[in-house]
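Scroll down for the structure; my scribbles are underneath it.
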Amino acid sequence: MRREGLRDLLLFPVLTLILGTAANFIPGRQLPFWGQGHVPPAEGTDFRWLDVLSADALATSLPNVVFLDTRAQETFTASRIPNARPLPLPDVDRLLTPELENLLRHADAVILYGDGDEADVEQLLAQTLRLRGFAPPFILVGGFPAWQLAGLPVEGGA
Amino acid sequence: MGWLRNPWVHRVLGLALGGIFLYAAADKILNPQSLVTIIWGYRILPPGPINLMAIYMPWLEVLIGLALVTGYKRRAGAIWGTGLLTLFTVALLINAVRGLNVACGCFSTSAQDVHNAWMLVLRDLPMLLAAAILAFAPPRHGEVPRPTGPTVTRR
C-alpha cells in the first residue's frame, strides 16, 4: 500500500517532466532550459534608477526630457507628471507610434514611472524599449507617489 | 472532525480545487515567456532555474488539477498540490515581509497584475487548507461513493 502511494507520488514529476519537455519543443514557445534566454531586465543594461529630485533637476535643466507613465489610462488621466505620455506595458505596440518613437530617439533623457516601489513593470518596459533600439531609460525611484510626496508639480484631473 | 473524511466532502473539494488548478495553469502554459518575468519578479530564484520552473510548473498544476477533478490518484495529487501551494504561500510571504507587492502570476501572467502580497497570502490559505484536507484526511473506507450506472445482475 505504502509502495503504491509512493509510486503514485512519483508519477506526477515523471509526467510533468515528459509534458513540460515535449511542450518546450513546440516552436514559438521555446525557452532555454537553463540560464540565459528570456533574460530578466537588469540595472545598467536595460535601465538606470533616478530619484525624484534628480529627475526634476533633469527636467528643468534639459529641454527634451520625456516622462513615460506606465500606469493604467484612468490613473494617468486623473493625475500625472506634467507633459508625461501614457505608455502602459500591455499597450506598447499600440501607443509606441512613429511620432513617440521619434520623440524618444531625440530625447535628452527618458524617465519611466509607475505607481509602485518595485517598478517591475517599468523595468520590463525599459527592457522592451532597449530591445527596440532605444537608449536605456531612467526609472523613477518610488514612482508617481514619490513625485507627489516631494511636492513636485502634477497635472490632470480634467 | 469526522466530516473531513466524508467522501462527498473530498469530491466537492477536489472539484473546486482541481478547477482552480486547471484554470491557473491555462495562461501559464500559453505564455511561458511571460511566466519567466513573473517568477523573476518574486526575486527569490537566481536566473538559472527560473526557466525550468516556467517550463515545468504549469504542467504539474495541470496534473494536480486533473487528479483532483477526476478523483484518479486524487490523494497523490493533493499531496503535490499541498506542496505547491505551500511553495507559493511562502514565496508570497517572503515578499509580503519585504514590503513588496508582486504580480503573483496566480491566474494570469500579466506583470501589470500587481496585488498586495498579504492579501495574496490570505487568498492562498483556504486553498492550502483544502489541499491539506484532501491529502492528509483521506476518506473513510467503505464510504467511497460508488459510480452510479446500470446494475448488472447475474443469472
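First to last, the sequence lines map onto chains V and D. Per this note's numbering, the first sequence runs over residues 22 to 179. Per this note's numbering, the second sequence runs over residues 13 to 167. Just so you know, even glycine gets a beta-carbon here, dropped at the ideal spot from N, CA and C.
At a cut-off of 9 Å between C-beta atoms, Glu95 of chain V does not count as an interface residue with respect to chain D. In this structure, the CA atom of Leu96 of chain D is about 16 Å from the CA atom of Leu38 of chain V.
The three-state secondary structure of Phe100 of chain D, taken from DSSP, is helix. By the rule that beta-carbons nearer than 9 Å mark a contact, Arg87 of chain D touches chain V. Per DSSP, the continuous beta strand (DSSP E) segment holding Trp70 of chain V begins and ends at Arg69 to Leu71. Straight through space, the alpha carbons of Arg110 of chain D and Leu74 of chain V are spaced by roughly 25 Å.
Annotation for Asp90 of chain V: the continuous beta strand (DSSP E) segment containing it runs Val86 to Asp90. Contacts between Trp71 of chain D and chain V, judged by CB atoms closer than 8 Å, involve Leu36, Thr37, Leu40, Gly41 and Ala44 in chain order. Here the C-alpha atom of Thr96 of chain V lies approximately 15 Å from the C-alpha atom of Asn104 of chain V.
For the alpha helix (DSSP H) assignment, the uninterrupted runs of no fewer than 4 residues enclosed by the segment 92-147 of chain V are, from N- to C-terminal side, 94-99, 113-116 and 119-126. If you check each beta-carbon in the segment 135-154 of chain V against every beta-carbon of chain D, the ones closer than 8 Å belong to Gly137, Asp138, Glu139, Asp141, Val142 and Leu145. Rounded to whole angstroms, the gap between the alpha carbons of Arg87 of chain D and Gly137 of chain V is 41 Å.
In chain order, Arg87 and Ala88 make up the part of chain D whose C-beta sits under 8 Å from the C-beta of Gly26 of chain V. Taken atom to atom, the span from the alpha-carbon of Leu150 of chain V to that of Leu108 of chain V is near 11 Å. Taking C-beta atoms as the reference points, Arg106 of chain V and Val87 of chain V count as a pair closer than 9 Å. Just so you know, the alpha carbons of Ser82 of chain V and Glu143 of chain V end up roughly 24 Å apart.
The straight-line gap separating the alpha-carbon atoms of Met131 of chain D and Leu104 of chain D is approximately 9 Å. Taking 9 Å as the CB threshold, Leu52 of chain V lines the interface with chain D. Our two residues, Gly77 of chain D and Ala149 of chain D, have alpha carbons roughly 18 Å apart in a direct line. Each of V:Leu133, V:Pro53 and V:Pro61 was checked against the Cα of Ala156 of chain V, and the nearest Cα belongs to V:Leu133.
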